[in-house]
Structures are given as C-alpha cells and as structure tokens.
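A.B. asks: So the sequence lines, in the order shown, correspond to chains A and B. The opening position of the first sequence corresponds to residue 1 in our numbering, with each subsequent residue numbered one higher. The opening position of the second sequence corresponds to residue 1001 in our numbering, with each subsequent residue numbered one higher. Ideal Cβ placement from N, Cα and C applies to all residues, glycine included.
2 protein chains.
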Amino acid sequence: MPVNHNFSKLARQPAYRAVSEKIRQVILSGELQAGDMLPTELELAEQFGVTRSTLREAIRLLEESGIIGRADRKRLVVTLPQTAAVGRSVSSAMLMHRVTFKELWQVAMGLEPLAGKLACASATDEDKQRLADNLQRTETVLEDHARLLEAEIDFHNLVASATHNYALLQARAPLNDLFYPAWGAVIRALSPGQRILVAHRRVYEAICNNKPREAERWMEKHMIDFRRGIEMGNLGFDQPVTSAANTSGQN
Amino acid sequence: MPVNHNFSKLARQPAYRAVSEKIRQVILSGELQAGDMLPTELELAEQFGVTRSTLREAIRLLEESGIIGRADRKRLVVTLPQTAAVGRSVSSAMLMHRVTFKELWQVAMGLEPLAGKLACASATDEDKQRLADNLQRTETVLEDHARLLEAEIDFHNLVASATHNYALLQARAPLNDLFYPAWGAVIRALSPGQRILVAHRRVYEAICNNKPREAERWMEKHMIDFRRGIEMGNLGFDQPVTSAANTSGQN
DNA sequence: TATTGACACATTGTCCGACAATAGGTCAAT
DNA sequence: ATTGACCTATTGTCGGACAATGTGTCAATA
Chain A
1 MPVNHNFSKL ARQPAYRAVS EKIRQVILSG ELQAGDMLPT ELELAEQFGV
51 TRSTLREAIR LLEESGIIGR ADRKRLVVTL PQTAAVGRSV SSAMLMHRVT
101 FKELWQVAMG LEPLAGKLAC ASATDEDKQR LADNLQRTET VLEDHARLLE
151 AEIDFHNLVA SATHNYALLQ ARAPLNDLFY PAWGAVIRAL SPGQRILVAH
201 RRVYEAICNN KPREAERWME KHMIDFRRGI EMGNLGFDQP VTSAANTSGQ
251 N
Chain B
1001 MPVNHNFSKL ARQPAYRAVS EKIRQVILSG ELQAGDMLPT ELELAEQFGV
1051 TRSTLREAIR LLEESGIIGR ADRKRLVVTL PQTAAVGRSV SSAMLMHRVT
1101 FKELWQVAMG LEPLAGKLAC ASATDEDKQR LADNLQRTET VLEDHARLLE
1151 AEIDFHNLVA SATHNYALLQ ARAPLNDLFY PAWGAVIRAL SPGQRILVAH
1201 RRVYEAICNN KPREAERWME KHMIDFRRGI EMGNLGFDQP VTSAANTSGQ
1251 N
C-alpha cells in the first residue's frame, strides 16, 4: 500500500507577479505615498533585475488595482484609488456572477439607509449645499427621463459622500454601476418623478436637521419604492442585471 | 477677446488598454463564458494585430480583475472572479485611503446583521451543517487566540455565504481582509471567547429556526461587542486599520 | 493492463534590442 | 508674454529569440 502523504502544491509565481507584489507592498506599507513619483521603467527594471517587458507587465497589474497611474501621460505616480476605478472590477465580477436585481436591492437596503443615517452626523455645509443644488436640478428635469436618472444617481452619491466614510463609498460602488442604471427602465415605464422628489426632499431635510432616524426611514422607503417600481413594471426583479452602458472612460 | 470654447480633452488610449477593453467586453456580453478557453497568446496577438508583448500587457489588466486566469499553468481561460481576488484590490484601496476601524465598523453594522437576516430564508441544510461544525470547532479553541480568530472569521463568512447573495459577499469582502483581522488584538487583550461563542450560537439558532429578526438582533449585538472590545482595549477605534498579514497567495 | 521512460511539440515566461511618438525643457526670435 | 525651433528622456510598440515546462505519443517494461 502506498504511503499517503499529501504535499501542498508549491506555488511558484512568475517574475512579473513578484515584482508587482513587491511594489504593492512598499506602497501599502506607506513607504511610498500617494503623489510620489516612481523611477522610470528602465530604472525600475534595473533595480529589480528584470527587463522592461517584464516590469511593464507588473505595472499593468498595479494599474488595474488603481494604485498607480500616470501623471501627465508620462511619469509613473502612486495614486489614491478612485472608487469608480476600483468599482469597475467589482462590477465586472458581479456581472459575470449573474447577480440579480434582487441581490443588489438587498445590499442597497442595507447600505443606503445607513448612508442617510450617518450623513446626518457628518455632512458639512458644502455637502448640504450640493444636495440642495441637486434637488433644485431634479425639479427641473422631472419629465426628462435620462436627466432624471442622472440626478437620482447623483443624489445617492452625494448622500454617500456626505458620510465621509470611504469604506461605505467603496462598498456601495457597484450600486452605482449596476443597480441604479438598471432602474432607468422603471423611470421610463412609470415616470415616478414626483415620488422620487418627495423622498429625496425628506432625506435632505432630515440630514439638514440632524435627524438620523428620519433620514434612515425615508431612504428605506425610497428603496422600497424602487422595488415596487421594478415589480410593477414587471422588469425582472429576479433577473440578472445587465451592463447598460459600460463604455466609461474614467481616470 | 478670445472666443471661449472648451474642448473636451480627447482621451486616446494605448493599444494594450484597447485590447483589454475589447476582451472584457466580449466576456461581459456573455459571448465568452466562464470556463471557456482562449486562443494562445500568439493567435490572440495576430487577431488584434498587435505583438505578443502588447497583448500580454492587456492580459495582465484582465488578470488583476480576476476575470481570466490560467488553467493548468498554461492555457488562458475565462474565470469566474473569486471574491477574495477582487476583494484584494478593494482592500488595497481602503488601506491607501487610511480607512479607520470606525468606518469599517459602520459598514459592518450595515451588512452583517443583514447577512444574518437574509441567511434565515436562504440557508440550505449544508450551510447549517457547516455553521454547526464551526460552532463545535470554536468551542475547542476558546483559549487559542489565533485559532479562535480564524474560527470567528469563518463563522461570519459562512453566514454571508448562506445568503447566497454574491453582491453581499462582494460588498463585505473588505471586512474579511481588514476588519476582522484587526480584531485579533482584541482577542489577545480581552479573551472574549465566551461572549463570541454565545453570540454565534444565538445567530446559528435563529437561522435554523428561521427567525430573521433574532438573527439580525444577535448579529447586531455581536458587532456592538466588537466595538466595545476595541474601545475597552484602547486599540484605536478611530485609527486607520493596518494590513496585518497581506502575504496571501490565493488563486 | 498499467506504469514508466523517452521523445517531440506547443506555449508560456523572460530576455534583448530597436524605433517612432511625444512630453518636457531650453533658448532664441518676435 | 507668446511663439517657434530644437534637443532630450521616456513611453508605447514592435520583432525576434530562447529556456522552461506542460501535453501528447509511443515504445518498453513489469
């Protein structure tokens, strides 16, 4: 009988990955900070003892992570990852996993009321002003479906931003890419401009008056309205969401 | 006086990015599905009309997104992104943004009770069995700080998995990487094994008996205990979290 | 029959060298 | 102060090269 010892498969990693990990580590350790310039590709390659080709592959990995970018289309620079950039990877993953509208809605029910609640304590005057501007703009586009959707998405982003909680912003990033855009169909089908405006107004007032409970409740009601809209329009609440327009060229 | 027309800066993108976007698009459109093999690098390069070097850079971008990988260390294959893989990018971003423990805790307060609630409706017998196994294991390692932390993290992952909601899994991924590991300090300082076990048991029972409210409440209490632990141990509730051990070699 | 070994082949990981395009700087001319 | 001419450094892309390694085939062996 053969002796049965299971060796753990040893994971050798290619050079481009090792290089990438090393750079990432240096950045995350704080040794290199956002805004710092990196040496030229040639110099980096020499330091690591690899060729420029290999180094460039390593750079691509970090580039997709959003932690390095190019300043002025030239020099490499350590970058503070933008929520949108990081969120795109997450959204891609969700699309491939055939995430349903229902699943996203459940997450939204967890995060959006929370955002409203937290915003009450942390919103600055500037945040409030931006929300006020958004409301005013919303009033003028109640019948313009495209612009209404845009304003709607903006509003929720503004509330989330007002929490000044980056972890929350990041967690709800996929909602921006997948949840709200899909909701455009509801707007076109039901024209619920008035209901949206009322909910947004209540949330705004709650934030201004520092009433967390109110903000939370109205955001929750707002989300439930979303669900009702999807169901009433028979727009596939249990269907996988689709990538409406993913041709974004952000930076 | 000069006529003032603002041109939008036209965004040319390098070839490696264009190639990457094209492949991503084909995959997200469903034309290529998870598990499908891609042609060899040389063939792909010929199809796009670029060199292998350029194509390889494009591949790296997709690789970091987790949507393609290698089967058997060779052929390129379309992959269903793993939460851990995607989550790493997100965690990196949060670390660079100096996300505080408090921020993560706020997100956890939004997502973990939600996970408990949803799990009640969707947990399979297998899910419940896994939770039961975890509880049993936890009892045996109450004094072993390292193993206890491991079991603790596992438990929350199991609850989240039991929701069968990928969007939720993805949203809470950073909690795994940053929130719970940081909590290891609390375990070492306060040895709250018993409190953990009790909370976990209540959540487990609630899930088995299909009592969403209970599951939600106990998860919430559990999270509040977390916060108390951090504050009592004076472990920096308002400090940025640090990447305890980020030397993970996952696939 | 099932395992082993030898061998050829395809593909990747890595290297090297090359060149056009362009961002940035300097300096003179206007 | 702006424009234009010029030089330099660096990137984006190319083409070719080779060793290492996974894959497949086929004969030899137990």
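In the DSSP assignment, the alpha helix (DSSP H) including residue 1233/B goes from what residue to what residue?
C.D. replies: As a first step, residue 1233/B is located in the second sequence; it is residue number 233 there, counting from the start. Counting along the chain, residue 1233/B falls outside any alpha helix (DSSP H), and DSSP gives it neither H nor E.
A.B. asks: Suppose the cutoff is 7 Å on Cβ atoms and the five residues either side in sequence are ignored; what does the same chain contact list for residue 1044/B look like?
C.D. replies: Translated into the one-based positions of the second sequence, residue 1044/B becomes position 44. The answer, listed in chain order, is 1038 and 1055.
A.B. asks: Taking the C-alpha atoms as reference points, what is the distance between residue 269/A and residue 22/A?
C.D. replies: The structure shown does not extend to residue 269/A, since chain A is modelled only from 1 through 251, so no value can be given for it.
A.B. asks: Let me check understanding here. Comparing Cα to Cα, which of 69/A, 51/A and 90/A lies closest to residue 80/A?
C.D. replies: As a first step, residue 80/A must be located in the first sequence, where it is residue number 80. Closest by alpha carbon: 69/A.
A.B. asks: Buried or exposed: where does residue 42/A fall if 16 or more other Cβ atoms within 10 Å of its Cβ makes it buried?
C.D. replies: Sequence index remark: in the first sequence, residue 42/A carries index 42 (1-based). It is exposed - the Cβ of residue 42/A has fewer than 16 other Cβ atoms within 10 Å.
A.B. asks: Got a sec: is the Cβ-Cβ distance from residue 1239/B to anything in chain A below 7 Å?
C.D. replies: Residue 1239/B sits at position 239 when you count from the first residue of the second sequence. By this cut-off, residue 1239/B is not an interface position.
A.B. asks: Return no unless some Cβ of chain B is closer than 7 Å to the Cβ of residue 67/A.
C.D. replies: Indexing the first sequence from 1 puts residue 67/A at position 67. With 7 Å as the cut-off, residue 67/A counts as an interface residue toward chain B.
A.B. asks: Between which two residues does the alpha helix (DSSP H) harbouring residue 1087/B extend?
C.D. replies: Counted from its first residue, the second sequence places residue 1087/B at position 87. Its alpha helix (DSSP H) spans residues 1083 to 1096.
A.B. asks: Compare the C-alpha of residue 1027/B against each of 1063/B, 1117/B, 1155/B and 1182/B and name the closest.
C.D. replies: Translated into the one-based positions of the second sequence, residue 1027/B becomes position 27. Per the Cα distances, 1063/B.
A.B. asks: Please report the straight-line C-alpha distance between residue 1074/B and residue 1164/B, rounded to a whole angstrom.
C.D. replies: As a working mapping, residue 1074/B is identified with position 74 in the second sequence. As a working mapping, residue 1164/B is identified with position 164 in the second sequence. About 32 Å.
A.B. asks: For residue 1162/B, which option in 1150/B, 1173/B, 1131/B and 1147/B has the closest C-alpha, if you only look at C-alpha atoms?
C.D. replies: Position 162 of the second sequence, counting from 1, holds the residue named residue 1162/B. The shortest C-alpha separation from residue 1162/B is found at 1131/B.
A.B. asks: Buried or exposed for residue 1113/B, please, with buried defined as at least 16 other CB atoms from any protein chain shown within 10 angstroms of its CB.
C.D. replies: By 1-based counting over the second sequence, the position of residue 1113/B is 113. The residue is buried, with at least 16 neighbouring Cβ atoms inside 10 Å.
A.B. asks: For a contact meaning CB atoms closer than 8 Å, what does residue 86/A contact in chain B?
C.D. replies: In the first sequence, counting from the first residue as 1, residue 86/A sits at position 86. Correct list: 1089, 1090 and 1093.
A.B. asks: Could you tell me which residues DSSP pairs with residue 76/A in its beta bridges?
C.D. replies: Position 76 of the first sequence, counted from the first residue, corresponds to residue 76/A. 70/A.
A.B. asks: Smallest Cα separation from residue 34/A: which of 47/A, 66/A and 170/A?
C.D. replies: Counting from 1 along the first sequence, the entry for residue 34/A is found at position 34. The candidate whose alpha carbon is nearest that of residue 34/A is 66/A.
A.B. asks: Please state whether the Cβ-Cβ distance between residue 1171/B and residue 171/A is less than 7 Å.
C.D. replies: Translated into the one-based positions of the second sequence, residue 1171/B becomes position 171. Translated into the one-based positions of the first sequence, residue 171/A becomes position 171. Yes.
A.B. asks: For residue 51/A, name the three-state secondary structure that DSSP assigns.
C.D. replies: For the purposes of this step, residue 51/A is taken as the residue at position 51 of the first sequence. Residue 51/A falls in the coil class under three-state DSSP.
A.B. asks: For residue 1222/B, which residues from the same chain have a beta carbon less than 6 Å from its beta carbon, with the 5 sequence-adjacent residues on both sides left out?
C.D. replies: Taking the second sequence and counting its residues from 1, the one referred to as residue 1222/B is at position 222. Excluding residues within five positions, the ones whose Cβ falls inside 6 Å are 1199.
A.B. asks: Could I get the ranges of all uninterrupted beta strand (DSSP E) runs contained in the region 1148 to 1177 of chain B, with 3 residues as the minimum, in chain order?
C.D. replies: Within the region 1148 to 1177 of chain B, no complete beta strand (DSSP E) run reaches 3 residues.
A.B. asks: Of all the options 236/A, 59/A and 85/A, which has the alpha carbon lying nearest to the alpha carbon of residue 76/A?
C.D. replies: Taking the first sequence and counting its residues from 1, the one referred to as residue 76/A is at position 76. Ranking the options by Cα distance to residue 76/A, first place goes to 59/A.
A.B. asks: One question on the structure: do residue 1107/B and residue 84/A come within less than 7 Å of each other, judged by their Cβ atoms?
C.D. replies: As a working note, residue 1107/B is residue 107 in the second sequence. As a working note, residue 84/A is residue 84 in the first sequence. The answer is no: Cβ separation not under 7 Å.
A.B. asks: Taking only beta-carbon positions, decide if residue 1190/B is within less than 7 Å of chain A.
C.D. replies: Numbered from 1 along the second sequence, position 190 holds the residue referred to as residue 1190/B. False, the Cβ-Cβ gap to chain A never drops below 7 Å.
A.B. asks: Here's the rule I'm using: 16 or more other beta-carbon atoms within 10 Å means buried, otherwise exposed. How should residue 1126/B be labelled?
C.D. replies: Walking along the second sequence from the start, residue 1126/B turns up at place 126. Residue 1126/B is exposed by the Cβ-count criterion.
A.B. asks: According to DSSP, is residue 1192/B helix, strand or coil?
C.D. replies: The residue you call residue 1192/B lines up with position 192 of the second sequence. Residue 1192/B falls in the coil class under three-state DSSP.
A.B. asks: Give a yes or no on whether 7 Å exceeds the smallest Cβ distance from residue 1157/B to chain A.
C.D. replies: Numbered from its first residue, the second sequence carries residue 1157/B at position 157. No, its Cβ sits nowhere closer than 7 Å to a Cβ of chain A.
A.B. asks: Do three or more CB pairs link the region 186 to 201 of chain A to the region 140 to 160 of chain A at distances below 8 Å?
C.D. replies: The region 186 to 201 of chain A is in contact with the region 140 to 160 of chain A.
A.B. asks: Using CA coordinates, which residue listed in 1204/B, 1082/B, 1192/B and 1016/B is at the minimum distance from residue 1124/B?
C.D. replies: As a working note, residue 1124/B is residue 124 in the second sequence. Comparing Cα positions, the closest option is 1204/B.
A.B. asks: Could you confirm whether any beta carbon from chain A is found closer than 7 Å to the beta carbon of residue 1199/B?
C.D. replies: Within the second sequence, numbered from 1, the residue matching residue 1199/B stands at position 199. So, not an interface residue.
A.B. asks: Could you check whether residue 1110/B and residue 111/A sit closer than 7 Å to each other, using their CB atoms as the reference points?
C.D. replies: Locating residue 111/A in the first sequence gives position 111, where the first residue counts as 1. Locating residue 1110/B in the second sequence gives position 110, where the first residue counts as 1. A contact, by the Cβ cut-off of 7 Å.
A.B. asks: Buried or exposed for residue 1012/B, please, with buried defined as at least 16 other CB atoms from any protein chain shown within 10 angstroms of its CB.
C.D. replies: Reading the second sequence from its first residue, position 12 is the one you call residue 1012/B. By the neighbour-count rule (16 or more Cβ atoms within 10 Å), residue 1012/B is not buried but exposed.
A.B. asks: By Cβ distance, which residues of its chain are closer than 8 Å to residue 145/A, with the 5 residues on each side in sequence left out?
C.D. replies: Locating residue 145/A in the first sequence gives position 145, where the first residue counts as 1. Closer than 8 Å at the Cβ level, and outside the excluded window around residue 145/A, lie 184, 187, 188 and 191.
A.B. asks: Return the Cβ separation of residue 178/A and residue 104/A in integer angstroms, given the expectation that the two are a contact with Cβ distance under 8 Å.
C.D. replies: Here the question's residue 178/A lines up with position 178 in the first sequence. Here the question's residue 104/A lines up with position 104 in the first sequence. Confirmed, Cβ separation roughly 6 Å.
A.B. asks: Interface residues of chain A around residue 1096/B at Cβ under 8 Å?
C.D. replies: The residue given as residue 1096/B occupies position 96 in the second sequence. Simply 27, 28, 34, 67, 80 and 81.
A.B. asks: Please say whether residue 241/A and residue 174/A have beta carbons closer to each other than 7 Å?
C.D. replies: Reading the first sequence from its first residue, position 174 is the one you call residue 174/A. Reading the first sequence from its first residue, position 241 is the one you call residue 241/A. No; because the gap between Cβ atoms is not below 7 Å, this pair is not in contact.
A.B. asks: Checking 7 Å against the spacing of the C-beta atoms, do residue 1238/B and residue 1100/B come in under that value?
C.D. replies: Position 238 of the second sequence, counted from the first residue, corresponds to residue 1238/B. Position 100 of the second sequence, counted from the first residue, corresponds to residue 1100/B. In contact: residue 1238/B and residue 1100/B (Cβ atoms closer than 7 Å).
A.B. asks: Taking 7 Å as the threshold (C-beta atoms), are residue 1207/B and residue 1093/B in contact?
C.D. replies: For the purposes of this step, residue 1093/B is identified with residue 93 of the second sequence, where counting begins at 1. For the purposes of this step, residue 1207/B is identified with residue 207 of the second sequence, where counting begins at 1. In this structure, residue 1207/B does not lie closer than 7 Å to residue 1093/B by Cβ.
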